[in-house]
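What follows is a short report on a single structure.
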Amino acid sequence: MTALIVTLYLAFFLAQLAVETGLAVANLRHVARAGDAVPALLLGHVDNETARRSHAYTLARGRYGLVHGFYAAALILLLLFSGALPAIDAALARHGLSGAHRFVGFLVALSAVPSLANLPFSLYGTFVLEHRFGFNRTTARLWLKDSVKGIALSAVIGVPLLYAAYGLFALTGHAWWLWLFALLTAVQVFMVWLYPLVIAPLFNKFAPLPDGELRARLEAMARAAGFRARGLLVMDASRRSGHSNAYFTGFFRPRIILFDTLVQQMSVDETAAVLAHEIGHYQARHVHKRLVVGLAVQLASLWLLSLLMRWPPLFAAFGFAAPSFHAALALVSLCGGAFTFFFAPLESYLSRRHEYEADRYSVAIAGAPVALRSALVKLNGQNLSNLHPHPWYSAWHYSHPTLVERLAAIERAGAATRP
160 MTALIVTLYL AFFLAQLAVE TGLAVANLRH VARAGDAVPA LLLGHVDNET ARRSHAYTLA
220 RGRYGLVHGF YAAALILLLL FSGALPAIDA ALARHGLSGA HRFVGFLVAL SAVPSLANLP
280 FSLYGTFVLE HRFGFNRTTA RLWLKDSVKG IALSAVIGVP LLYAAYGLFA LTGHAWWLWL
340 FALLTAVQVF MVWLYPLVIA PLFNKFAPLP DGELRARLEA MARAAGFRAR GLLVMDASRR
400 SGHSNAYFTG FFRPRIILFD TLVQQMSVDE TAAVLAHEIG HYQARHVHKR LVVGLAVQLA
460 SLWLLSLLMR WPPLFAAFGF AAPSFHAALA LVSLCGGAFT FFFAPLESYL SRRHEYEADR
520 YSVAIAGAPV ALRSALVKLN GQNLSNLHPH PWYSAWHYSH PTLVERLAAI ERAGAATRP
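Each number in the working numbering corresponds to the 1-based position in the sequence shown with 159 added.
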């Protein structure tokens with residue numbers, strides 16, 4: 160049975176690796192063949208220099224991702240089949256740790272190993288690759304401060320949560336997975352409230368959008384849409400990166416967050432169109448729908464975990480002497496990606512549908528399809544997004560439609576609103 164389990168896992172793992180690699184290579188070749196040519200629909204919107212830099216950045220990111228993907232795959236196999244996980248578990252037992260302390264110690268060690276192993280890629284991606292294309296503005300000191308804060312937050316929030324999870328497992332019998340689901344749901348809702356108030360300000364500064372034409376325009380548009388926001392804030396994203404974005408935080412009266420790079424680079428009409436798109440997400444309850452789907456997946460995963468806990472051959476297949484809660488969590492976290500990977504196209508498809516819906520809302524509420532098209536072209540250019548993604552690659556991985564697809568859809572939406 161153990162040999163069958165290992166064979167089945169490796170079949171899915173290698174299939175995932177083959178698909179990921181095939182899509183990445185196909186995308187790189189597609190981009191290389193297209194060169195720095197501007198797609199026909201973007202002629203007059205994207206200049207040759209932006210197209211050239213986008214081409215170079217896409218190839219560099221793609222090659223980096225390909226190498227990192229092989230490295231990550233090798234790391235997973237090493238952790239699963241080198242005996243490292245049972246060795247860590249045995250070492251904790253030898254040092255007298257048992258019960259909750261052993262559970263927490265094992266999972267902390269498991270999270271630390273990949274973090275340390277991926278450190279060279281993280282540093283290269285930030286200080287070499289992003290710097291080469293003018294995006295990185297993070298200093299070594301700021302990176303170190305962010306890392307220390309991240310570790311501290313993980314300890315303050317994550318460790319008590321792990322102890323609570325073990326307590327529920329130990330005290331609630333066969334229904335532990337339902338109790339754990341309730342706990343995780345409560346924590347997620349609490350974090351939605353806590354993040355903008357406590358966590359985000361640890362890493363960035365937030366200031367009210369100054370009075371003026373832009374603020375007046377955005378507030379008027381939000382009122383017209385029946386959208387009640389708790390605040391309209393600008394975040395100092397430029398401290399770390401030249402990338403631009405905007406987002407909401409919160410469920411009921413969310414805060415609107417604009418990157419300072421977005422405010423600096425967009426006109427009033429363009430910023431209003433971007434905000435109208437975000438309001439479209441909120442009014443269509445996209446965040447709420449994704450939360451419900453996420454909770455359903457989480458509940459199903461915990462139920463499956465409860466079943467796997469009663470299957471000793473699974474643990475024996477990966478070198479564990481007996482089933483345990485921490486070993487089950489480790490195996491699901493390391494092995495699960497090989498099985499859930501094949502649901503990625505469905506998730507991407509649904510996300511792209513939401514983006515189209517939000518774009519249509521922006522056109523309707525802002526009444527400026529030209530401004531939305533211009534804003535998207537600017538965002539694409541400023542972020543050096545891929546102008547020539549392979550159709551299969553974008554279908555599998557892209558949470559947003561490609562720029563060409565979005566502009567065509569906005570043109571259709573604009574035509575539908577004209578008398």
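Each residue gets a CB set at the ideal place from its N, CA and C atoms; glycine is no exception.
Treat the numbers as computed from the prediction; the structure is a model and nothing was measured.
Helix or strand or just coil, what does DSSP make of PRO360?
-> helix
Look at the Cβ atom of SER510, then the Cβ atom of SER558, and state whether they are nearer than 9 Å.
-> yes
Tell me where the alpha helix (DSSP H) around LEU251 begins and ends.
-> 243-253
Mark LYS364 as exposed unless 16 or more other C-beta atoms lie within 10 angstroms of its C-beta, in which case mark it buried.
-> exposed
Taking Cβ positions, are ARG398 and THR297 nearer each other than 9 Å?
-> yes
With DSSP collapsed to three states, give me the class of ARG414.
-> strand
Close beta carbons around LEU256, own chain, < 8 Å, minus the five adjacent residues each side = GLY264
Length-filtered (3 minimum) beta strand (DSSP E) runs lying within the segment 416-488 | none
Comparing alpha-carbon positions, which option in PRO413, ILE415, LEU421 lies nearest ASN404?
-> LEU421
So which of TRP352, LEU169, PRO482 has the shortest CA-CA distance to PRO471?
-> PRO482
Are VAL197 and ASN539 close, meaning C-beta to C-beta below 9 Å?
-> no
Does the segment 291-308 come close enough to the segment 245-259 that 3 or more CB-CB pairs lie under 8 Å?
-> no
4 or more residues per run - each alpha helix (DSSP H) lying fully within the segment 250-302 | 258-276, 278-283
Does DSSP put GLY371 in a helix, in a strand, or in coil?
-> coil
Contact set for TYR515: own chain, Cβ-Cβ below 7 Å, skip 5 residues either direction = PRO560, ALA568
In the structure shown, what three-state DSSP assignment does ALA384 receive?
-> coil
Where does MET350 fall in DSSP's three states?
-> helix
For my contact list, MET380 and ALA435 are in at a C-beta cut-off of 8 Å; report their separation, rounded to the angstrom.
-> 6 Å
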